[in-house]
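Asker: My structure is below; once you've seen it, I'll send some questions.
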Amino acid sequence: YGPPLSAMSFATARIMETWAHGQDVADALGIERVPTDRLRHIAHLGVATFGWSFTNRQMKVPDSPVKVEITSPSGELWTWGPEEANDIVTGSAEDFCLVVVQRRNLADTQLVIKGATARQWMSIAQTFAGQPGIGRKPGMLSKKSGKSTMD
419 YGPPLSAMSF
429 ATARIMETWA
439 HGQDVADALG
449 IERVPTDRLR
459 HIAHLGVATF
469 GWSFTNRQMK
479 VPDSPVKVEI
489 TSPSGELWTW
499 GPEEANDIVT
509 GSAEDFCLVV
519 VQRRNLADTQ
529 LVIKGATARQ
539 WMSIAQTFAG
549 QPGIGRKPGM
559 LSKKSGKSTM
569 D
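Quick note, the sequence shown lines up with residues 419 to 569 if you use the numbering used here.
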């Protein structure tokens, strides 16, 4: 049921699942949650599962690295990946986390995606174990009224 996890990764995965299902409840009730910097745990897991997102779909993991630059709810810039990467994901930590836990379609966020590898990854990103998730259809659960920017 997914790759083996260390105790720390197991705990992080449970935080992610709790947050994702909490989002399901908020969406069902029409409540907008206030994001906090605790999203860093989910964002880190989102980046760490880059390869899993492809492997889980029997796809070759791309060789080109992706840099992630997202802004935390408190305004701090969180970055992962090599500085020289040509593929980049930028935007809010909340939008990034909503996409990697498949609670929002990329098109319903304000994430900016540069490069084919980053675009492909964000279209299939999956932090959770198990079969590939189908995600959300565009417009199903809009977050604010933003659209993704893709080049």
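By construction, the Cβ of each residue, glycine as well, lies at the ideal position given by its N, Cα and C atoms.
Pick helix, strand or coil for VAL602, following the three-state DSSP scheme.
Answerer: This structure gives no information on residue 602, because the portion of the chain shown stretches from 419 to 569.
Asker: Would you mind stating whether ASP455 and SER510 have Cβ atoms separated by less than 9 Å?
Answerer: For ASP455 and SER510, no; Cβs fall outside 9 Å.
Asker: Could you tell me how far apart the beta carbons of ARG537 and ILE531 are, in whole angstroms, since I believe they sit closer than 8 Å?
Answerer: About 5 Å; that satisfies the 8 Å criterion.
Asker: So which of THR489, PHE468, PRO556, ASN474 has the shortest CA-CA distance to PRO453?
Answerer: Selected option, being the one with the closest Cα: THR489.
Asker: With ILE449 as the anchor, note down where its alpha helix (DSSP H) starts and where it stops.
Answerer: Neither: ILE449 is in no alpha helix (DSSP H) and is coded neither H nor E.
Asker: Taking 9 Å as the threshold (C-beta atoms), are GLU487 and THR508 in contact?
Answerer: In this structure, GLU487 lies closer than 9 Å to THR508 by Cβ.
Asker: Between the Cα of THR545 and those of PRO480, ALA534, MET477, PHE472, spot the shortest distance and give me the residue it belongs to.
Answerer: When only C-alpha atoms are compared, the closest one is PHE472.
Asker: Let me check one thing: in DSSP terms, what residues is GLU502 bridge-paired to?
Answerer: Partner(s): none; GLU502 has no beta bridge.
Asker: State the beta-bridge partners of LYS485 as determined by DSSP.
Answerer: ILE506.
Asker: Taking all protein chains shown into account, do 16 or more other C-beta atoms lie within 10 angstroms of the C-beta of VAL518, making it buried, or fewer, making it exposed?
Answerer: It counts as buried.
Asker: If you draw a straight line from the alpha carbon of SER427 to that of GLU450, how long is it in whole angstroms?
Answerer: Cα-Cα distance, rounded: 28 Å.
Asker: Please name the residue or residues paired with TRP496 in a DSSP beta bridge.
Answerer: Looking at the DSSP assignment, TRP496 forms a beta bridge with ILE488.
Asker: Determine the extent of the beta strand (DSSP E) in which ILE531 is found, giving its start and end residues.
Answerer: 530-532 is the extent of the beta strand (DSSP E) around ILE531.
Asker: Is there a C-beta anywhere in chain D that falls below 9 Å from the one on ILE433?
Answerer: Annotation note: the requested chain D is absent from the structure, which comprises a single protein chain.
Asker: Measure the C-alpha to C-alpha separation of GLY553 and ALA543 and round it to an integer number of angstroms.
Answerer: For GLY553 and ALA543, the distance between alpha carbons rounds to 9 Å.
Asker: Rounding to the nearest angstrom, what Cα-Cα distance links ILE506 and GLY469 in this structure?
Answerer: Answer to the nearest angstrom: the Cα atoms are 16 Å apart.
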